[in-house]
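Student: Structure below; questions to follow.
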Amino acid sequence: MCVAVRIDRLRQPSRWEEWRFSIAEVVADDGGFGSAPRLLRDDGRCAQWLFPGLPVTLHRDEAEGYYLNLSSGGPVWFVMWRIDHADPSRAWPEIVTLSYNEAGRLLDAQERVDNCPLDERVRAALQDFVDVHYRPEPKRRKRPASFVAPQERR
4 MCVAVRIDRL RQPSRWEEWR FSIAEVVADD GGFGSAPRLL RDDGRCAQWL FPGLPVTLHR
64 DEAEGYYLNL SSGGPVWFVM WRIDHADPSR AWPEIVTLSY NEAGRLLDAQ ERVDNCPLDE
124 RVRAALQDFV DVHYRPEPKR RKRPASFVAP QERR
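Each residue of the sequence shown is one higher than the one before, counting from 4 in our numbering.
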């Protein structure tokens with residue numbers, strides 16, 4: 004599936020910041036938004052940019068991450084985005100994922116990752132995928148250390 008991401012940019016939200024960006028919305032993109040980023044509105048203080056055509060692919064080996072996202076109580080899109088170092092008034096999304104684990108790896112790599120609520124239709128489709136592909140690892144009983152030989156204790 005492809006999605007479009009709307010990023011809002013606020014000019015001088017505080018005296019310490021020149022620009023503040025936020026992921027405002029993630030919507031399914033059926034091709035009607037075009038293929039190039041575009042400015043939706045700019046009143047001098049707040050600007051809204053739309054970035055269409057970002058792919059979202061579900062992978063079986065990420066099923067645990069999708070399960071964690073769904074079981075969090077508030078499933079979300081995770082959007083990794085970047086700011087242009089040459090022009091700090093510009094930002095764009097790079098990756099959109101539904102995997103809690105993938106978002107964690109991106110954060111561990113010092114990337115900017117924000118989230119946006121998941122709509123019910125996509126949540127239901129993700130739940131169907133998880134139901135088919137996710138199998139939790141069976142829990143193993145840990146023996147008390149007193150019953151383990153000293154050389155085998157960790």
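Even glycine gets a Cβ: it sits at the ideal position worked out from N, Cα and C.
If you're wondering where the values come from, they're calculated on a predicted model, not measured in any experiment.
Which word fits Ala106, buried or exposed, when buried means at least 16 other C-beta atoms lie within 10 angstroms of its C-beta?
Tutor: Buried, since its Cβ has 16 or more Cβ neighbours within 10 Å.
Student: Taking the beta carbon of Thr60 as the centre, do at least 16 other beta carbons fall within 10 Å, making it buried, or is it exposed?
Tutor: Under this definition Thr60 is an exposed residue.
Student: In terms of alpha-carbon separation, which member of Ala152, Val135, Leu121 and Asp134 lies closest to Val8?
Tutor: When each option's Cα is compared against that of Val8, the closest is Leu121.
Student: Among the candidates Pro55, Tyr70 and Gly56, whose CA atom is the shortest distance from the CA of Ala160?
Tutor: Outside the displayed span of the chain (4 to 157) sits residue 160, for which this structure offers no information.
Student: Decide if Cys119 is buried, meaning its Cβ has at least 16 other Cβ atoms within 10 Å, or exposed.
Tutor: With 16 or more Cβ atoms within 10 Å of its Cβ, Cys119 is classed as buried.
Student: Under 7 Å Cβ to Cβ from Val6, same chain only, skipping five residues before and after it: list those, please.
Tutor: Cβ neighbours of Val6 beyond the five flanking positions: Val29, Val30, Ala31, Asp32, Leu57, Val59 and Val99.
Student: Using the Cβ count rule (16 or more neighbours within 10 Å means buried), how would you classify Val135?
Tutor: The residue is exposed, with fewer than 16 neighbouring Cβ atoms inside 10 Å.
Student: The alpha helix (DSSP H) that contains Gln15, what's its start and end?
Tutor: Element bounds for Gln15: not the alpha helix (DSSP H) but the beta strand (DSSP E), Cys5 to Ser17.
Student: Judging by CA-CA distance, which residue of Asp117, Glu65, Arg85 and Phe36 is the nearest neighbour of Trp95?
Tutor: The candidate whose alpha carbon is nearest that of Trp95 is Arg85.
Student: Put Gln154 into one of helix, strand or coil per three-state DSSP.
Tutor: Gln154 falls in the helix class under three-state DSSP.
Student: Check whether the Cβ atoms of Arg12 and Phe24 sit closer than 8 Å, and answer yes or no.
Tutor: Yes.
Student: Helix, strand or coil: which one does DSSP assign to Gly56?
Tutor: Note: Gly56 maps to strand in three-state DSSP.
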